[in-house]
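Remarks on the structure that follows.
Chains as they are written, first to last, in our numbering: chain A, 1 to 271; chain B, 1001 to 1331; chain C, 2001 to 2292.
Written out as structure tokens, the structure reads:
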């Protein structure tokens, strides 16, 4: 855990090594309580897995962490800073990037354009700059295009770079979303079922990349997945949810033995 | 044949060309809103009017006593035409952004209603603030750029109107070039992303509301410029020239021409105007059609709009692959 | 300007009458909007056609009540025709496409009136010559207004009875609230579309007829009335029938009462102002019951 001090992270010292956390967060829809008094900590430079049966509230928690839903009560902290009232785009600018369970690729735009959108702080996004500072803009675009190429080749999507994202298969869209979010150089990346529909040969490849990013860049991950084995293999911490509550949050070996979680899965957790 | 001869009259050709250019500019502005960014703007005709009136007021001093028809207007200036045009762009852009700002963080449909509302309010102000706009009466004696100079320098004996085509044409070309550049730039990419799925650029850190407002301002500004071009091509403007139907006709032009494509937008405008010109040539002796041209045009445009949306949703010049791909939902 | 109580009360009365009209038109539109999920600009033309069917029936000599019936049914027929011939073909397209399609339909319907109806009738006023109603509390009451208000109340009650007490009505509301859920529960949503369209068109027709009674019958009757109607629908919460009615009444009254402080030329702006303020403060509709 003390390894992460060597990485250049903003505000690392303020947050005691916790990059993202919630404090007593709850969310209800009408009469239904989706997330019930949840306090979780995602440690910096770690891979945290989030598991639980369907309807446990995982995606809702994701939405609350990323600002796509507002909490009914409680706090969300990013890098020690209270971001509970911060909009989703502001949180993203502060390093919190997320993918979506049902992919949101920009169908009418090409794969490469999707990737380029991921790159932050593009000078060409300013109207005046794009008209008068053309050299600076081309240079930035060129750099980012090279980065996108590297990522796309890794994700085996390079041949499809000029294809409209709407024409991709389900698995390919998942990979595109992953690539796009990596272009944004996140500090903490929330992945919502990143492997669903992806070719099994590629999944190991992807998981390797995630671990490499964790080691080389100190990136933190929160991953929701239904492939329990994969999660247990790569995670440093695993959180188990059921019916809106946290059942356990510990190292994989401990979580695997957790009886409550086992019961939740066997009991079918469908709401 | 008489009809053809009528068509080839240089003054008439020039007038048609000027209108194609002006409507083309309007279509470019609306394409920035709808084609690029997916914004529902139903105030476009009002922006057009604001631009026309702003430029007219800035360049035409109020009439001295005698002119009965325009007697109510008291506010007017005598600035050069360039000032009028720049003023038109700025004022219209500001008003556009003001209207857009009220609902830019709400769902898309709301912007539609708010722009309809804004357009109506603008219309009411124009009609009722006679001291500024001459109300329902015309503003006359609007100056024309370089009038007289052309005849002297080029000496071709053509009516002024023909030279104006050149001026307006240059403005159109410049606008097209700028907007095409914006479209292919990273800025355009963000706008397109907003159009496809606003949550995505937000999840990637873009403040989408600000981009939408910029798009709105740009498109409104172009409409304002079109208004100014219109005002200076006429000797006078009057409120009844700016109808709400114009907004919907420009919508039809953008869609028929191919949304997302600036050249397509201009072509769409030309198409509808061409239709109008064609209908005018139809001799009035033909039963039913003859006497009802004014009414037939919107009907034909309406039918065309529906048919194109059904059978060729990408429009005349749109990209079929892109349009079809864009209609697909996530996995 | 010194304002007498009777003048103020007259404004209030006028507002109530016009408000009931906006409420009625808004009710039809909110049902359509709630189920079909797109802004239908052609709704105004359903109103206009209802008015013109009645006008022409009167012209050819039908008695008043029969003429109204023709207009009412006519509104529904036009709505269904528009749906079957045009809108149905776009049922899998996005709401925005449908909106633009409705613009096309609106162009066609409005100008068909101009094309088909002989010109001397296109701005004719058809009035109901009734007994002169005595002034109550100094309020100026016109016979037409009484008829309009009575018909509005009658129709509103009828529609609410339909929506709350009949199987079809309840199904309509359920489907308007959540179409997917309704389909899962076995409600035939495709047939419902026809019923809701018929209902919406009929209500629009009635509103159009009454607009003609209250003011003038012109081809753009519906189009110009659309703004306060849309304002009522949005303010009341899309898909919320009660909301639309309450908002409609509020807008009608606000419009007429505003004459106390602003000149009549700016009255159309009131609906818009109410709408914008409403949107900024309660984006889910007055009762927070918007279904989208």
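Glycine residues also receive a C-beta, built at the ideal position from the N, C-alpha and C atoms.
Comparing the C-beta of residue i with each C-beta of chain A, is any distance below 7 Å?
{"i": "residue 1103 (chain B)", "result": "no"}
{"i": "residue 1086 (chain B)", "result": "no"}
{"i": "residue 1206 (chain B)", "result": "yes"}
{"i": "residue 1200 (chain B)", "result": "yes"}
{"i": "residue 1137 (chain B)", "result": "no"}
{"i": "residue 1192 (chain B)", "result": "yes"}
{"i": "residue 1161 (chain B)", "result": "no"}
Looking at the unbroken alpha helix (DSSP H) that takes in residue i, where does it start and where does it end?
{"i": "residue 145 (chain A)", "result": "134–154"}
{"i": "residue 1244 (chain B)", "result": "1244–1257"}
{"i": "residue 1210 (chain B)", "result": "1208–1233"}
{"i": "residue 2230 (chain C)", "result": "2221–2236"}
{"i": "residue 1168 (chain B)", "result": "1160–1183"}
Using a threshold of 7 Å, state whether the C-beta atoms of residue i and residue j are closer than that.
{"i": "residue 2107 (chain C)", "j": "residue 1302 (chain B)", "result": "yes"}
{"i": "residue 2277 (chain C)", "j": "residue 2258 (chain C)", "result": "no"}
{"i": "residue 2149 (chain C)", "j": "residue 2020 (chain C)", "result": "yes"}
{"i": "residue 1967 (chain C)", "j": "residue 2075 (chain C)", "result": "Residue 1967 (chain C) lies beyond the stretch modelled for chain C, which goes from 2001 to 2292, so this question has no answer here."}
{"i": "residue 2079 (chain C)", "j": "residue 2197 (chain C)", "result": "yes"}
{"i": "residue 244 (chain A)", "j": "residue 35 (chain A)", "result": "yes"}
{"i": "residue 234 (chain A)", "j": "residue 261 (chain A)", "result": "no"}
{"i": "residue 2057 (chain C)", "j": "residue 2070 (chain C)", "result": "yes"}
{"i": "residue 165 (chain A)", "j": "residue 118 (chain A)", "result": "no"}
{"i": "residue 1211 (chain B)", "j": "residue 1190 (chain B)", "result": "yes"}
{"i": "residue 98 (chain A)", "j": "residue 202 (chain A)", "result": "no"}
{"i": "residue 1074 (chain B)", "j": "residue 1062 (chain B)", "result": "yes"}
{"i": "residue 103 (chain A)", "j": "residue 161 (chain A)", "result": "no"}
{"i": "residue 1254 (chain B)", "j": "residue 1058 (chain B)", "result": "no"}
{"i": "residue 2236 (chain C)", "j": "residue 2247 (chain C)", "result": "yes"}
{"i": "residue 50 (chain A)", "j": "residue 58 (chain A)", "result": "yes"}
{"i": "residue 193 (chain A)", "j": "residue 101 (chain A)", "result": "yes"}
{"i": "residue 1269 (chain B)", "j": "residue 1034 (chain B)", "result": "no"}
{"i": "residue 2175 (chain C)", "j": "residue 2166 (chain C)", "result": "no"}
With 7 Å set as the bound, which would you pick, yes or no: does the beta-carbon of residue i sit closer than that to a beta-carbon of chain B?
{"i": "residue 250 (chain A)", "result": "no"}
{"i": "residue 2084 (chain C)", "result": "no"}
{"i": "residue 2219 (chain C)", "result": "no"}
{"i": "residue 124 (chain A)", "result": "yes"}
{"i": "residue 2230 (chain C)", "result": "yes"}
{"i": "residue 2268 (chain C)", "result": "yes"}
{"i": "residue 2018 (chain C)", "result": "no"}
{"i": "residue 2265 (chain C)", "result": "yes"}
{"i": "residue 117 (chain A)", "result": "yes"}
Using DSSP's beta-bridge definition, name the partner residues of residue i.
{"i": "residue 240 (chain A)", "result": "A:51 and A:248"}
{"i": "residue 22 (chain A)", "result": "A:76"}
{"i": "residue 220 (chain A)", "result": "A:188"}
{"i": "residue 96 (chain A)", "result": "A:188"}
{"i": "residue 164 (chain A)", "result": "A:110"}
{"i": "residue 1328 (chain B)", "result": "Bridge partners of residue 1328 (chain B): none, in fact."}
{"i": "residue 81 (chain A)", "result": "A:78"}
Could you give the distance in angstroms between the alpha-carbon of residue i and the alpha-carbon of residue j?
{"i": "residue 1053 (chain B)", "j": "residue 1080 (chain B)", "result": "15 Å"}
{"i": "residue 16 (chain A)", "j": "residue 1027 (chain B)", "result": "56 Å"}
{"i": "residue 247 (chain A)", "j": "residue 108 (chain A)", "result": "42 Å"}
{"i": "residue 2050 (chain C)", "j": "residue 2072 (chain C)", "result": "6 Å"}
{"i": "residue 1273 (chain B)", "j": "residue 1019 (chain B)", "result": "8 Å"}
{"i": "residue 120 (chain A)", "j": "residue 186 (chain A)", "result": "10 Å"}
{"i": "residue 1317 (chain B)", "j": "residue 1324 (chain B)", "result": "14 Å"}
{"i": "residue 1137 (chain B)", "j": "residue 1131 (chain B)", "result": "11 Å"}
{"i": "residue 149 (chain A)", "j": "residue 1294 (chain B)", "result": "56 Å"}
{"i": "residue 2138 (chain C)", "j": "residue 2256 (chain C)", "result": "17 Å"}
{"i": "residue 271 (chain A)", "j": "residue 33 (chain A)", "result": "Only weak support is given to the placement of residue 271 (chain A): the predicted model assigns it a pLDDT of 35, under 50, and the value that follows is read from those uncertain coordinates. Distance between the alpha carbons of residue 271 (chain A) and residue 33 (chain A) is about 11 Å."}
Is there a C-beta anywhere in chain C that falls below 7 Å from the one on residue i?
{"i": "residue 1031 (chain B)", "result": "no"}
{"i": "residue 1302 (chain B)", "result": "yes"}
{"i": "residue 1120 (chain B)", "result": "yes"}
{"i": "residue 1235 (chain B)", "result": "no"}
{"i": "residue 1239 (chain B)", "result": "no"}
{"i": "residue 1250 (chain B)", "result": "no"}
{"i": "residue 1182 (chain B)", "result": "no"}
Got a sec, what are the start and stop residues for the beta strand (DSSP E) residue i sits in?
{"i": "residue 32 (chain A)", "result": "32–38"}
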